[in-house]
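In full-length UniProt numbering, the protein residues as written are 1 to 349.
Just below is one structure, and these are the notes that go with it.
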């Protein structure tokens, strides 16, 4: 069995192993990481050989850590990343290069249609009707998009939303409310086969699926990084956040919204951002939580998106794609049956 795991912001971890009588055998670790002393590699191999095949990532990491010589130095990888690579090997996980990718950047649709498209396109990837896809959203209407499990009345100030013309809609992923002002955010969705993240925890998969975006931002001069669980940030402040849902049909929806030119004061009037939510952020005002991309790059929003598309295409050989008429029709049915209904919006009042 063969497994690979590219550590976000780090190096490639490669494992080869066999399974006999419920135990890992003939295990060998390799990769482009740095490790001192040399014999630490043999110690890691010895620690893994003989472990039960059902050993989870944390237990594998603990075994590796205990086996390391005193003073060992691991650069570009961790014991946990060895565990992830092993779990991916045992689960027959795929890699980015196992797929043909498409990039979709279609004209703007309504906020509820965007949300319905997320569900439709994820299901299409699961069924094999669509290639794995990166989709950038365009906006012509303002909306507050709340998480699947959030309370409408707790998250949105109705007077502020009405004042600035923001509709409230609910997505199928968890996480927090996002204020989507037309022309002021960069939003993308990834629709990927679940096999791409086999062997990873949710926390691991967030950073893994967004590594290309981090590299794109760094290429534009932003000192961007990922902060668990789901924040993209820089030394100057938070840039955006991710949310994810794994459908039982065999695909993963992963979407991200980043601020391009957010009006912090308006955000505090539209969203009910209380002291409790920001108490662990070490800041005095919610208006300071979001650091717009425009202030750090000086680039037009359209150019930022173009550079992100170029980064993804160069890493994963992606080609331009589009949304089919049948997919649009399926999305509109979901809008009528689900996303535009009071029952869905107020599932948590």
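From the three backbone atoms N, C-alpha and C, an ideal C-beta is built for every residue, glycine too.
Check: Quick one: using the 10 Å Cβ neighbour count with 16 as the cut-off for buried, is residue 292 buried or exposed?; Outcome: buried
Check: Keeping to the same chain, check which residues put their C-beta closer than 6 Å to that of residue 261; ignore five residues upstream and five downstream.; Outcome: 184, 292 and 294
Check: Compute the beta-carbon to beta-carbon distance between residue 85 and residue 15, rounded to the nearest angstrom, for a pair I have assumed lies under 8 Å.; Outcome: 5 Å
Check: With DSSP run on the structure shown, which of helix, strand or coil describes residue 219?; Outcome: helix
Check: Am I right that residue 312 and residue 116 are in contact with their C-beta atoms under 8 Å? What's the rounded C-beta distance?; Outcome: Residue 312 to residue 116, Cβ: 24 Å. No contact.
Check: Does residue 81 pass the burial test, meaning 16 or more other C-beta atoms within 10 Å, or should it be called exposed?; Outcome: buried
Check: Can you check whether the CB of residue 133 is closer than 8 Å to the CB of residue 321?; Outcome: yes
Check: Does the distance from the C-beta atom of residue 138 to that of residue 111 stay below 8 Å?; Outcome: no
Check: Which first and last residues belong to the alpha helix (DSSP H) in which residue 246 is found?; Outcome: No alpha helix (DSSP H) contains residue 246, which is instead part of the beta strand (DSSP E) from 237-247.
Check: In chain order, what residues of the same chain have a beta carbon less than 8 Å from the beta carbon of residue 26, not counting five sequence neighbours either side?; Outcome: 16, 17, 18 and 49
Check: Starting from residue 154, trace the alpha helix (DSSP H) both ways and give me its first and last residue.; Outcome: 152-155
Check: Which one or two residues does DSSP pair with residue 103 in a beta bridge?; Outcome: 134 and 320
Check: Given a threshold of 16 other Cβ atoms within 10 Å of its Cβ, counted over all protein chains shown, does residue 187 qualify as buried or as exposed?; Outcome: buried
Check: Whole angstroms is fine: what's the gap from residue 229's alpha carbon to residue 165's?; Outcome: 31 Å
Check: Indicate the three-state DSSP secondary structure (helix, strand or coil) for residue 273 in the structure shown.; Outcome: coil
Check: I need the straight-line Cα distance from residue 239 to residue 169, nearest angstrom please.; Outcome: 22 Å
Check: From residue 161 to residue 270, what does the alpha carbon distance come to, in whole angstroms?; Outcome: 5 Å
Check: Looking only at C-alpha atoms, which of 296, 315, 147 and 314 sits nearest to residue 348?; Outcome: 147
Check: Between which two residues does the beta strand (DSSP E) containing residue 36 stretch?; Outcome: 34-36
Check: Which residue wins for smallest C-alpha separation from residue 158, given the options 272, 326, 149 and 215?; Outcome: 272
Check: By the DSSP assignment, the beta strand (DSSP E) with residue 167 in it spans what residues?; Outcome: 167-170
Check: Using DSSP bridges, identify the partner residues of residue 188.; Outcome: 136 and 256
Check: Is residue 49 helix, strand or coil by DSSP?; Outcome: coil
Check: Where does residue 404 fall in DSSP's three states?; Outcome: Lying outside 1 to 349, the shown extent of the chain, residue 404 is not represented and no answer is given.
Check: Work out the CA separation of residue 167 and residue 344 for me, nearest whole Å.; Outcome: 14 Å
Check: Given this structure, state the Cα-to-Cα distance separating residue 77 from residue 220, to the nearest angstrom.; Outcome: 26 Å
Check: On the criterion of 16 or more Cβ atoms from any shown chain inside 10 Å, does residue 314 qualify as buried, or is it exposed?; Outcome: exposed
Check: How far does the beta strand (DSSP E) with residue 83 in it extend, from its first residue to its last?; Outcome: No beta strand (DSSP E) holds residue 83; the alpha helix (DSSP H) holding it covers 79-90.
Check: Compare the C-alpha of residue 177 against each of 193, 156 and 206 and name the closest.; Outcome: 156
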